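Some notes on the structure that comes next.
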Amino acid sequence: MNVLTEVAVEKKLNPMTKESNIKMRGKDVTVHYGEKQALFAVNLDIPERQVTALIGPSGCGKSTFLRCLNRMNDTIDSARVGGNITLDGEDIYDPKIDVVELRARVGMVFQKPNPFPKSIYENVAYGPRIHGLTRNKAELDEVVESSLKKAALWSEVKDRLQESGTGLSGGQQQRLCIARAIAVSPEVILMDEPCSALDPIATAKVEELIDELRANYTIIIVTHSMQQAARVSQRTAMFHLGYLVEEGATDKMFTNPDDKRTQDYITGRFG
Amino acid sequence: MTAVTFPAVVINWGSDEMAARRKRRYAADRRLQIYGMIAIAFALGFLAILIGTLTFTGYRAFTQSVVTFELDLSKAEIDRSDVMGADWRGIVRGALREKVPELPRSSERAYFAMFTSSAQFLVRDQVIRNPALLDGVARFSVPLSDPLDQLAKGQVDRDTPESQRRVTDRQIEFYEQLSAAGAISKPFNWGLFFNSDSRFPELAGLAGAISGSFWALLVCFLISFPIGIAAAIYLEEFAPKNRFTDLIEININNLAAVPSVVFGLLGLAVFLGWFGLPRSVPLVGGMVLALMTLPTIIIVTRASLTSVPSSIREAALGIGASKTEAIFHHILPLSMPTIMTGTIIGLAQALGETAPLLLIGMNAFITSPPAGVLEASTALPTQIYIWADSPERGFVARTSAAILVLLGFLILMNAIAIFLRQRFERRW
Amino acid sequence: MAAYLFGFLALAAIVVSLLGISRARRVRTSQAEKVHSRPIYHGLNAAIWTGVPAFVFLILWLTGQNAIVDMIVMGSYPGADALSGAQRSLVLSEIRQVANGNNFREPSPQILAAVAHLQSLEMLARWAMVALVAALVTVGAFFGLKVIESRYRARHSVERSITIFMLFSSLVAILTTLGIVGSLVYEAAQFFARVPLTEFLFGLRWEPQIALRADQVAGQGAFGAIPVFFGTFVISALAMLVAVPTGILSAIYLTEYSGARFRAVVKPLLEILAGIPTVVYGFFAVLTVAPAVRSLGLTIGVEAAPNSALAAGAVMGVMLIPFISSLSDDAFAAVPRAMRDGSYALGSTKGETIRKVLLPAALPGIVGGVLLALSRAIGETMIVVMAAGLIAKMTLNPFDAVTTVTVQIVTLLIGDSEFDNPKTLAAFALGLMLFIITLGLNLIALRTVRKYREKY
């Protein structure tokens, strides 16, 4: 059987015109870190092939929620997650669900670029290798090349694939991390403040990339920057003190929010 | 940048092939975990076997088989003015002979070989310490000789041919006779702690080694503690940052990793050879150990000095204390618990050091405890080495017992260090 | 005698400091002017003046006295100029022996005269020492007390003395290294004056005991150190074979797999292995491991020596486990959490994260730790002295007996301290090589570890 199955993209070429499918859904999600409750009964739907931005002041629970979506909270001993999160209707906290498979389907890009101390090629090839997505070197080369192309990094690194990934500039490192995530063909990509460690030019490149990636992937991005949320996302969810305050289409959120706290946050009265 | 559109790639995660692959990956994960458990089990198992073996072979040496006999010294021919010069050999043998009424002359040698060859001296010294014993009947106990001690402790297989064991059939008969008469007992072996070394296992004890180690550690402490602290304060607080102080720092780190035997060579060549200090004395041992402990104390002291927040120093300087006063009145007292903890751990290491002490001759055969730092002596670890090298069976148990005593001291010192750390150490 | 003098010095310093304190108090009450330093500093200053010069003098005197007395005694010994260095020291040691009352044979009249000379000199030296110490104490105390007046900056003076003491203390480390290098080089140079350096470095036969006979001192290949270093290598390699995998795997388990409570119990237990004195390991190797190796050899049909390299190496390996384990532990802990997160987020299992991300990232730190452990294995003495062989043999068979550098050093020096014997001097040559090798390994290891720390 062929592991890699290519299918034509016909269904959702333009997600803005049609009502999107719900890719992920959080229902009454709560998180405790030890005694402290970090998230209170969050209900949020993530539409497919759109960019959803999670905004809110520091410590509001947006990153915590994000880390629930690929069960990264499992790696923290004291964390307990309650409620129910589904991916394509399947409960991802079901014991039958394999966390390794889940994380391959729901990729993640972190706040600080964290390339492995290996070559650029090895960084991207790591995921396909461990999951056994390719059968030979030629296929792997192809995956690496296409991932780097999708991450808009290929032209910059194609001549030095064997150099260390840690030697790239910050913006390149972050795009390398995105390429690394793309290489395992995830359905959803989680981005935890992906631009906070980057300069404005690198930020612009990554934002542009996010906009392109949305054609193929469902993206959830945590961001501190209102402008960034407005620029890249179609939907926005506002968190405050562990509660989901408001969510909706980005246009509406930034022009006519329902909640006073959202309005105050967007206009810079706290944050 | 031109927008490139790619066809979406969908991976069939549910396929049998992927499921099998995941199974293999989890198996590899579990294997690594099991290897780790095996490694830990190996290390801890070794530790358990080590402690178990030493305890098993060593516990016997904490008792000593003795024969008890009565002696009426008022009837013996003893010149009160010269107790020392009396025929103690004859007196003690006479008393022992009475235990076996029909002792044929041909068996006398075998019979008396059953008891420690120093029996007469033990009785004599006891009488000299307590002259009142001369006036009547008194009970004396003397150790059995090593082979008989082994027999009493069940370490001799009576089924082996007589020629292959160190106890003759005749001696076993005598032993049974004495034992039936209730003359043999196995009290706690105080001699292990209060006797010094001896060629005879039944008399050998650790008094000399323990006091030798004590004196050496005392010298080690008196040298390394003040010099270590002073050096650390200088390097941390006063020294200019230049190549010379860098050199000192590298030096200290390297000294900590120089093999201990090299320190022994230093002691032999410099302290004994050039300074002409005497061999085998705790003073030289302590000096060598001090040089080895110094890096530990310096490193610990520096770490604890830096951990004191600078606000305390600034507070002291702010009310007009000199830099020296700020350090000696405030920073050093606050660091003291940590320094003491580190020092005790360093001294515990020094207590276990053997090789440098061997080279400066602290493996001599010395039968009385040293009265000071300039008298030849052994130390606990070198005593262990000497006994481990001795062929007599009885020394195997005694070596293990000596090791248990040494480990006991080490546990005690580490316990004190842990207590100090938990009770007094500050977390900033 | 010297002990009493040290006691006297301490007592005098305490008394003078008390005198100084009371004198400073009187000055403070009698004068209107503000006193610069508190009385305690005046007291300490006076005590330093009283004790320190005399103390330093006493130490110097004690270290120098023997050499000078010997020189004077030999200066008047008839025919001393004609004697060679070795003969001189022989005569000297006989004089000293006789003076201590141990005459093994009837001393010659010259010796007896020299003994009388020595004893009178020593008596003279003893009283001269007492007199000079007393004089220094008196002068010091007088000066220390005399300077006490309101404007005298006693605190500065005390602090300067403390700083000088601290500077001296930090030089002790340097002096120790110089002492090690100096003594090793000096004695080794004497050895190489008798045995050519090339012989030592490239010779394939090590039979130092033969050199006891006068006609076979050197030049017969008896001091070729290659087999000794070969044996050291074999035993160290066996030790590393045990210690490296066990140490790294247990560190992996403790940092990545085990729960906090398991770790809190097991880690200190592992550290106990590092705290057990090596003489204990040596005894255990002889008592338990060597017989076990022998019976293992019998079951696989190999005749094992009673002091096989395997027994010594395996026990040494166990000793090094906690060392490698804790350094690997540090190396794993130093890998940033982001690396782990990045790997887990791609869907790797714990095992894959460890093998493919953590291990390569921590490798420099682990390598540094392994090098430090190797240097310990090479320098380890007691285990091999007790459990390894004495005969230098070039064999890779772990069931055979080999000898090591440290074993040779100890056996060559135990019970024999004549310094002009190639056998004893050979130990210093070996010691010099050992020092150079371990120093080199340590420097490389520390550099590797430091470079690696800078990276994160």
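Chains as they are written, first to last, in my numbering: chain X, 65 to 335; chain S, -14 to 413; chain L, 6 to 461. From the three backbone atoms N, C-alpha and C, an ideal C-beta is built for every residue, glycine too. No experiment lies behind these values; they were computed from the predicted model shown.
Alpha carbon to alpha carbon, what distance is there between residue j and residue i?
i: Asn38(S); j: His315(S); result: The sequence given here has Thr at residue 38(S), not Asn. The straight-line gap from Cα to Cα measures roughly 49 Å.
i: Leu67(L); j: Val61(L); result: 10 Å
i: Lys82(X); j: Thr314(X); result: Low per-residue confidence applies at Lys82(X): pLDDT is 45, beneath 50, and the placement is therefore not dependable, though the value from the model is reported in the following sentence. Each residue's alpha carbon lies about 16 Å from the other.
i: Met171(L); j: Ala178(L); result: 12 Å
i: Gly226(L); j: Pro322(S); result: Summary for Gly226(L): the model assigns pLDDT 47, below 50, so the residue's position carries little reliability; its value from the coordinates is reported in the next sentence. If I take the Cα positions, the gap works out to 56 Å.
i: Leu463(L); j: Leu180(L); result: An answer regarding residue 463(L) cannot be provided, because it is not within the stretch 6 to 461 covered by chain L.
i: Ser313(L); j: Ala28(S); result: 21 Å
i: Ala243(X); j: Val372(L); result: 32 Å
i: Phe523(L); j: Pro403(L); result: Any question about residue 523(L) goes unanswered here, given that chain L covers just 6 to 461.
i: Gly147(X); j: Ser333(L); result: 40 Å
i: Met65(X); j: Ala189(X); result: Below a pLDDT of 50, predicted positions are generally treated as unreliable, and Met65(X), at 37, falls in that range; the measurement from the model is reported next regardless. Cα to Cα, the separation comes out at about 22 Å.
i: Leu395(L); j: Met324(L); result: 22 Å
i: Leu319(S); j: Arg411(S); result: 8 Å
i: Asp322(X); j: Asp328(X); result: 11 Å
i: Val108(S); j: Leu118(S); result: 10 Å
i: Arg30(L); j: Pro44(L); result: 6 Å
i: Val454(L); j: Pro159(X); result: 42 Å
i: Glu220(X); j: Asp205(X); result: 17 Å
i: Val291(L); j: Val412(L); result: 15 Å
i: Leu391(S); j: Val389(L); result: 20 Å
i: Met325(S); j: Lys361(L); result: 43 Å
i: Thr300(X); j: Gly(-1)(S); result: 32 Å
i: Met22(S); j: Tyr262(L); result: 10 Å
Do residue i and residue j have their C-beta atoms within less than 8 Å of each other?
i: Ile326(L); j: Leu278(L); result: yes
i: Pro111(X); j: Gly171(X); result: no
i: Glu377(S); j: Leu274(S); result: no
i: Pro252(X); j: Met88(X); result: Note on residue identity: the sequence assigns Val, not Pro, to residue 252(X). Yes, the Cβ-Cβ distance between Val252(X) and Met88(X) is below 8 Å.
i: Val106(X); j: Gly123(X); result: no
i: Ala71(S); j: Phe54(S); result: no
i: Gln226(X); j: Pro177(X); result: no
i: Val77(S); j: Gln105(S); result: yes
i: Leu151(X); j: Arg169(X); result: yes
i: Ser50(S); j: Leu129(S); result: yes
i: Ser170(S); j: Ser265(S); result: no
i: Ile369(S); j: Ile388(S); result: yes
Roughly how far, in whole angstroms, is the beta-carbon of residue i from the beta-carbon of residue j, given that I think they are within contact range, below 8 Å?
i: Lys272(L); j: Leu259(L); result: 6 Å
i: Thr417(S); j: Glu187(S); result: The shown model of chain S, from -14 to 413, leaves out residue 417(S), and the question about it has no answer.
i: Ser307(S); j: Arg160(L); result: 7 Å
i: Leu197(X); j: Val248(X); result: 7 Å
i: Met258(X); j: Val173(X); result: Sequence check: residue 258(X) is Pro here, not Met. At roughly 5 Å, the Cβ-Cβ gap stays under 8 Å, so Pro258(X) and Val173(X) are in contact.
i: Ile414(L); j: Gly436(L); result: 6 Å
Taking 8 Å as the CB-CB limit, is residue i close to chain A?
i: Asn280(X); result: Going by chain labels, chain A is absent from the structure shown, which instead holds the protein chains X, S and L.
* Residues from the stretch 153 to 166 of chain X in contact with chain S, defined by Cβ distance under 7 Å -> If the cut-off is 7 Å between Cβ atoms, the stretch 153 to 166 of chain X has Asp162, Val164, Glu165 near chain S.
Exercise for the section: May I ask you to verify whether the stretch 364 to 384 of chain L touches the stretch 261 to 268 of chain X, counting CB pairs closer than 8 Å and requiring at least 3? Expected result: At 8 Å Cβ cutoff, the stretches do not touch.
TODO: Could you name the residues of the stretch 184 to 202 of chain X whose beta carbon sits closer than 7 Å to any beta carbon of chain L, in the order they occur along the chain?
DONE: Residues Tyr190, Gly191, Ile194, His195.
Determine, using beta-carbon pairs with one atom in the stretch 442 to 452 of chain L and one in the stretch 279 to 299 of chain S, whether at least three such pairs fall under 8 Å. The stretch 442 to 452 of chain L vs the stretch 279 to 299 of chain S: no contact.
| query | In the stretch 240 to 252 of chain X, which residues sit with their C-beta less than 8 Å from some C-beta in chain L, listed in chain order? | reply | Answer set for the stretch 240 to 252 of chain X: Cys241, Arg244, Ala245, Val248.
- prompt: Just by C-beta distance, which residues in the stretch 162 to 186 of chain L are closer than 7 Å to chain S?
  reply: If the cut-off is 7 Å between Cβ atoms, the stretch 162 to 186 of chain L has Glu164, Ile167, Thr168, Phe170, Met171, Leu172, Ser174, Ser175, Val177, Ala178, Ile179, Thr181, Thr182, Gly184, Ile185 near chain S.
Under 8 Å, with one C-beta from each stretch per pair, do the stretch 192 to 208 of chain S and the stretch 349 to 361 of chain S reach the 3-pair mark?
Contact check between the stretch 192 to 208 of chain S and the stretch 349 to 361 of chain S: three or more CB pairs, one atom from each, fall below 8 Å, which counts as touching.
| query | Name the residues in the stretch 431 to 461 of chain L whose C-beta lies less than 8 Å from a C-beta of chain S; which are they? | reply | Taking 8 Å as the Cβ-Cβ cut-off against chain S, the residues of the stretch 431 to 461 of chain L that qualify are Ala432, Phe433, Gly436, Leu439, Phe440, Thr443, Leu444, Asn447, Leu448, Leu451.
On the three-pair Cβ rule with 8 Å, is the stretch 149 to 157 of chain S touching the stretch 86 to 98 of chain S? The count of Cβ pairs closer than 8 Å, one atom from the stretch 149 to 157 of chain S and one from the stretch 86 to 98 of chain S, reaches three, so the stretches are in contact.
Please list the residues of the stretch 340 to 351 of chain L that have a C-beta atom closer than 8 Å to any C-beta atom in chain X, keeping them in chain order. From the stretch 340 to 351 of chain L, only Pro341, Ala343, Met344, Arg345, Asp346, Gly347, Ser348, Tyr349, Ala350, Leu351 have a Cβ closer than 8 Å to chain X.
Report yes or no: do three or more beta-carbon pairs, one from the stretch 195 to 209 of chain L and one from the stretch 426 to 439 of chain L, lie closer than 8 Å?
-> Taking one beta carbon from each stretch, the stretch 195 to 209 of chain L and the stretch 426 to 439 of chain L have 3 or more pairs nearer than 8 Å; the two touch.
Say whether the stretch 88 to 104 of chain L touches the stretch 144 to 152 of chain L, bearing in mind that this needs 3 or more beta-carbon pairs closer than 8 Å, one atom from each stretch.
No: the two stretches stay apart, fewer than three of their Cβ pairs being nearer than 8 Å.
Do the stretch 340 to 350 of chain L and the stretch 201 to 218 of chain S meet, that is, are 3 or more Cβ pairs less than 8 Å apart? The stretch 340 to 350 of chain L vs the stretch 201 to 218 of chain S: no contact.
**Prompt:** When the Cβ atoms of the stretch 137 to 151 of chain L are set against those of the stretch 117 to 124 of chain L, are three or more pairs found closer than 8 Å?
**Reply:** Touching, no.
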